[in-house]
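Participant: Residue numbers (our numbering): 5 to 172.
1. Where does residue 136 land, buried or exposed, given buried means 16+ other C-beta within 10 angstroms?
2. Bridge partners of residue 157, per DSSP?
3. Contact defined as beta carbons within less than 8 Å: I believe residue 170 pairs with residue 63. What is the distance between those atoms, to the nearest angstrom?
4. Applying the 10 Å Cβ sphere with the 16-neighbour rule, what's the burial state of residue 151?
5. For residue 130, which residues in the same chain have their Cβ closer than 8 Å to its Cβ, ignoring the five residues on either side in sequence?
6. Would you please state the rounded distance, in angstroms, between the beta carbons of residue 145 and residue 104? I believe it to be under 8 Å.
7. So residue 163 is in the alpha helix (DSSP H); what residue range does that whole segment cover?
8. Quick one: does residue 109 have its CB under 8 Å from some CB of chain C?
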């Protein structure tokens, strides 16, 4: 009897979980484990069906030169000189960003691409104003600091529409 008590005392001191105890816990709570796994799989499927993934297209615009107009240009010289963008050119890039984000440009894009195509994956429709709003809502414009590059991003559930919107 003394040996059995000693053996149990050594098992208790070993620490950790014994394999038979892990099996006991798993089989005792198997229905909870199955239930939570099923809820997780169904939740993932529901999110995938309700909110389809959006594809993101990107285009980079490089503004290399800016034409500098002069008040008095010498006669016979038709072209105004061009200069590279510098720190003062940031205002020019900001002007370009403002133009790209304008509702008028978004409306022209919506008309060119077609409201049916833009709204097809979002419940359909032919409303030009809704298509314009979708173009503006999912358009992101980033100016790269200290450079002449403007990055334009657009997200849409249809990758071909995303690319077509950026082309236009």
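Don't be surprised by glycine CBs; every beta carbon is placed ideally from N, CA and C.
Here the structure is a predicted model, which means the values were calculated and not measured.
Facilitator: Result, derived from the coordinates:
1. Here residue 136 refers to the residue found at position 132 when the chain shown is read from its first residue. Under this definition residue 136 is a buried residue.
2. What you label residue 157 is simply residue 153 of the chain shown in a count that begins at 1. Residue 157 pairs with 62, 144.
3. Numbered from 1 along the chain shown, position 166 holds the residue referred to as residue 170. Numbered from 1 along the chain shown, position 59 holds the residue referred to as residue 63. At roughly 5 Å, the Cβ-Cβ gap stays under 8 Å, so residue 170 and residue 63 are in contact.
4. The sequence position of residue 151 within the chain shown is 147, counting from 1. A residue is called buried once 16 or more other Cβ atoms fall within 10 Å of its Cβ, and residue 151, having fewer, is exposed.
5. In the chain shown, residue 130 corresponds to position 126, counting from 1. Once the five neighbours on either side are set aside, the close Cβ partners of residue 130 are 119, 120, 123.
6. Mapped onto the chain shown, residue 145 falls at position 141. Mapped onto the chain shown, residue 104 falls at position 100. That pair is a contact at about 6 Å.
7. On the chain shown, residue 163 is found 159 positions in, with the first residue counted as 1. Element bounds for residue 163: 163-171.
8. Absent from the structure: chain C. Only one protein chain is present.
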